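A.B. asks: What follows is a structure written as structure tokens; I'll ask about it next.
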Amino acid sequence: MTDPSTISKGSDWGYAPAPESTDHIRLKSRYGLFIEGKFTPPASGKYFQTINPANEKVLAEVAEAGEKDVDRAVQAARKAYDKVWRKMSGRERGKYVYRIARIIQERARELAVVESMDGGKPIRESRDIDIPLSAAHFFYHAGWADKLAYAFPGRKVSPVGVAGQIIPWNFPLLMVAWKVAPALACGNTVVLKPAETTPLTALLFAEICQEAGLPDGVFNLVTGAGATGAALVKHPDLDKVAFTGSTEVGKAIQKSLAARGTKLTLELGGKAAHIIFEDATLDQAVEGIVNGIYFNQGHVCCAGSRLFVQESVEEEVIAKLKARMETLIVGDPLDKNTDIGAINSRAQCDRINDYLRIGVEEGAELFQTRCTVPGKGFWVRPSFFTKVAQSHRIVQEEIFGPVLAIQTFRTLNEALEKANNTPYGLSGGVWTDKGSKIFKVTRGIRAGVIWANTFNKFDPTSPFGGYKESGYGREGGRHGLKPYVELS
Ligand code: NAI
Ligand code: MG
91 MTDPSTISKG SDWGYAPAPE STDHIRLKSR YGLFIEGKFT PPASGKYFQT INPANEKVLA
151 EVAEAGEKDV DRAVQAARKA YDKVWRKMSG RERGKYVYRI ARIIQERARE LAVVESMDGG
211 KPIRESRDID IPLSAAHFFY HAGWADKLAY AFPGRKVSPV GVAGQIIPWN FPLLMVAWKV
271 APALACGNTV VLKPAETTPL TALLFAEICQ EAGLPDGVFN LVTGAGATGA ALVKHPDLDK
331 VAFTGSTEVG KAIQKSLAAR GTKLTLELGG KAAHIIFEDA TLDQAVEGIV NGIYFNQGHV
391 CCAGSRLFVQ ESVEEEVIAK LKARMETLIV GDPLDKNTDI GAINSRAQCD RINDYLRIGV
451 EEGAELFQTR CTVPGKGFWV RPSFFTKVAQ SHRIVQEEIF GPVLAIQTFR TLNEALEKAN
511 NTPYGLSGGV WTDKGSKIFK VTRGIRAGVI WANTFNKFDP TSPFGGYKES GYGREGGRHG
571 LKPYVELS
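And the structure:
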């Protein structure tokens with residue numbers, strides 16, 4: 091028998107590959123736009139490619155929607171709203187939303203594999219988090235469809251109308267669910283634009299709407315890049331716009347809607363702080379930090395990208411963190427052992443590498459694990475910076491990659507002051523054995539979500555959203571229904 095003490099991680103020892111099979115995946119070579127219940131070619135005849143960022147292979151060609159197509163989709167949504175969806179009873183609408191939830195569950199394995207192929211995230215994450223949570227959002231909102239009067243007691247509740255929704259690439263299907271489930275449950279119709287690097291699960295979702303018998307035009311899908319999104323926002327016949335993505339584009343959308351009465355919700359970037367006190371269970375805290383910034387390659391708007399450690403435990407926390415990070419496996423997203431998959435695109439990979447360079451130039455000290463990464467595709471090894479100052483760009487700006495900035499503090503007030511010193515306010519985390527400190531920190535941090543002794547936990551019943559430049563409006567829970575209803 092091998093003496094366990096002679097087994098070392100890395101060079102001579104590793105897990106045997108455990109790849110998820112792709113045999114059951116049947117992608118079309120080309121996808122049209124989904125308008126009025128049918129897949130149709132774009133007016134321009136133009137298509138773009140979506141690739142697998144782990145090997146740079148083309149997965150499918152996807153239609154590029156222009157102004158004409160966007161207009162056709164909005165008109166289809168308007169017609170479906172006026173003729174069918176707004177008139178339907180909540181009880182009937184609920185049945186469709188419920189059916190969508192069931193089909194997502196039935197096709198869960200296929201959706202998880204396609205999500206990992208198109209976006210680069212580890213199969214463990216798409217299988218255990220993205221897809222089950224997507225189904226849960228539809229189940230949850232199916233329940234509200236006929237109970238809206240109870241969500242807003244004493245008020246008359248009616249839908250808003252046609253919603254234009256634009257989503258990013260970090261949680262492709264889950265963002266579809268966050269946007270579409272409340273809209274449909276409340277009686278609105280939708281034109282959705284997914285991100286250009288991850289359109290495939292949204293296209294499969296369009297098939298699911300067909301399979302569920304959703305009336306034509308209630309859900310429409312226009313694929314394309316920023317120009318398609320801008321054309322959608324510009325369309326004069328939208329009653330509501332919902333956007334998740336960068337603060338820069340969020341601000342541009344806000345500007346372009348300023349002169350119109352269109353309702354708007356924005357979910358933008360973040361720069362979440364973890365605060366670890368000396369009395370915390372440090373192993374548990376380290377696990378939470380790893381989960382919060384390294385899993386999903388740091389492609390999470392609420393990622394815990396800043397860490398504040400109480401001075402007395404700094405060395406211990408950093409030593410434990412390094413040891414844990416060295417065990418992280420970076421590689422094939424479809425392998426069940428993989429902790430960190432591929433960076434979503436070459437552009438995002440370049441952006442992260444720029445920040446790594448900037449951090450070093452600013453005088454911070456960079457640590458990266460020694461793991462190997464595949465030759466093809468886009469990869470960044472788990473990284474953190476120490477010796478950073480509040481003014482450093484790597485502390486102030488959203489990196490959206492597996493990069494953590496570590497600072498120390500002496501007192502609770504100092505930690506709060508530093509944690510709040512950012513333009514963002516989406517989320518945060520506190521690690522301590524003392525309930526009183528949890529309450530002080532959760533009241534003191536200006537952010538929409540604060541986790542205590544855990545991180546990145548989501549549930550459809552719980553509202554999510556930001557303060558300051560992280561946006562406004564909430565998604566999930568009773569609060570998340572509000573942007574999709576008119577109350578009188
Ligand atoms: P982005 O904001 O450009 O993309 C998000 C979505 O908006 C995509 O569907 C895109 O096609 C669309 N879009 C782009 N320009 C538009 C416009 N002018 N009008 C309407 N829609 C438009 O984000 P990008 O370039 O993919 O990532 C850049 C940075 O944004 C990341 O490094 C990260 O810091 C941040 N980000 C934040 C996200 C979040 O969840 N808060 C998600 C994705 C990116
Ligand atoms: Mg892709």
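Heads up: the sequence shown begins at 91 in the working numbering, then just goes up one per residue.
Backbone N, C-alpha and C fix where the C-beta goes; we use that ideal spot for every residue, glycine too.
Only a predicted model underlies this, so the values are computations on that prediction, with no experimental measurement involved.
#1: Compute the Euclidean distance between the alpha carbons of G556 and I383, then round it to the nearest angstrom.
#2: Given a cut-off of 8 Å on the beta-carbon distance, is the pair L356 and G156 in contact?
#3: Specify the secondary structure class of P109 as computed by DSSP and reduced to three states.
#4: So A432 and W469 are in contact, right, with Cβ under 8 Å, and what is the actual spacing, rounded?
#5: Between L372 and I496, which are expected to be in contact by the criterion C-beta below 8 Å, what is the C-beta distance as a whole number of angstroms?
#6: Could you tell me which residues DSSP pairs with T140 in its beta bridges?
#7: At a cut-off of 7 Å, is P143 close to ligand 2 when judged by its beta-carbon and the heavy atoms of the ligand?
#8: Tell me the DSSP secondary structure of S517 in three-state form.
#9: Nearest by alpha-carbon distance to A271: which of A317, S224 and K237 is it?
#10: Between A148 and the rest of its own chain, which residues show a CB-CB distance below 7 Å, the 5 nearest in sequence each way excluded?
#11: Contact defined as beta carbons within less than 8 Å: I believe E559 pairs with P513. What is the distance between those atoms, to the nearest angstrom?
#12: Can you find a heavy atom of ligand 1 that lies under 7 Å from the Cβ of G316?
#13: Taking Cβ to Cβ, would you say N434 is nearer than 8 Å to W268?
#14: Any heavy atom of ligand 1 within a distance shorter than 7 Å of the CB on E357?
#15: Say whether chain C places a C-beta atom closer than 8 Å to the C-beta of A239.
#16: Measure the Cβ-Cβ separation of D369 and R168 and say whether it is below 8 Å.
#17: Can you check DSSP and say which residues form a bridge with L356?
#18: Which residue's Cα is closest to the Cα of I535: A292, L516, Q387 and T501?
#19: Quick one: Cα of D422 to Cα of I193, how far?
#20: May I ask you to check if the CB of R436 is nearer than 7 Å to at least one heavy atom of ligand 1?
#21: Look at the Cβ atom of G360, then the Cβ atom of P143, and state whether they are nearer than 8 Å.
#22: Determine the closest residue to S134 out of Y171, T288 and T318, with distance taken between C-alpha atoms.
#23: Are the stretch 407-425 and the stretch 439-447 touching by the rule of at least three beta carbon pairs closer than 8 Å?
#24: Just to confirm the assignment, what range does the alpha helix (DSSP H) spanning T279 have?
#25: Go ahead and label E146 buried or exposed: buried means 16 or more other beta carbons lie within 10 angstroms of its beta carbon, across all protein chains shown.
#26: Which two residues bound the contiguous beta strand (DSSP E) that contains S248?
#27: In or out: H482 buried (at least 16 other Cβ within 10 Å) or exposed?
#28: How many Å lie between G104 and S111 at the Cα?
#29: According to DSSP, is V470 helix, strand or coil?
#30: Along the chain, where does the alpha helix (DSSP H) containing E488 start, and where does it finish?
#31: Taking 7 Å as the cut-off, is the CB of C391 close to at least one heavy atom of ligand 1?
#32: Measuring only from the beta carbon, is D582 closer than 7 Å to any heavy atom that is part of ligand 2?
#33: DSSP three-state label for R568, please.
#34: Using the C-alpha atoms, what's the distance from F529 back to K99?
#35: Which residues mark the beginning and the end of the alpha helix (DSSP H) in which L294 is found?
#36: So for K128, helix, strand or coil by DSSP?
C.D. replies: Looking at the coordinates:
#1: 18 Å
#2: no
#3: strand
#4: 6 Å
#5: That belief does not hold up - the Cβ atoms of L372 and I496 are roughly 14 Å apart, past 8 Å.
#6: A150
#7: yes
#8: strand
#9: S224
#10: Position check: residue 148 holds Val in this sequence, whereas Ala was assumed. Correct list, in chain order: Q139 and I141.
#11: 4 Å
#12: yes
#13: no
#14: yes
#15: This model lacks chain C altogether, as it is built from one protein chain only.
#16: no
#17: F333 and Y562
#18: L516
#19: 27 Å
#20: no
#21: no
#22: T318
#23: no
#24: Not the alpha helix (DSSP H): T279 falls in the beta strand (DSSP E), residues T279 to K283.
#25: exposed
#26: V247 to P249
#27: buried
#28: 21 Å
#29: coil
#30: Here E488 belongs to no alpha helix (DSSP H), and DSSP marks it neither H nor E.
#31: yes
#32: Outside the shown range of the chain, which is 91 to 578, sits residue 582, and nothing can be said about it.
#33: coil
#34: Legend: pLDDT at K99 = 48, less than 50; position of this residue unreliable, value from coordinates given subsequently. One C-alpha to the other measures close to 40 Å.
#35: L290 to E301
#36: strand
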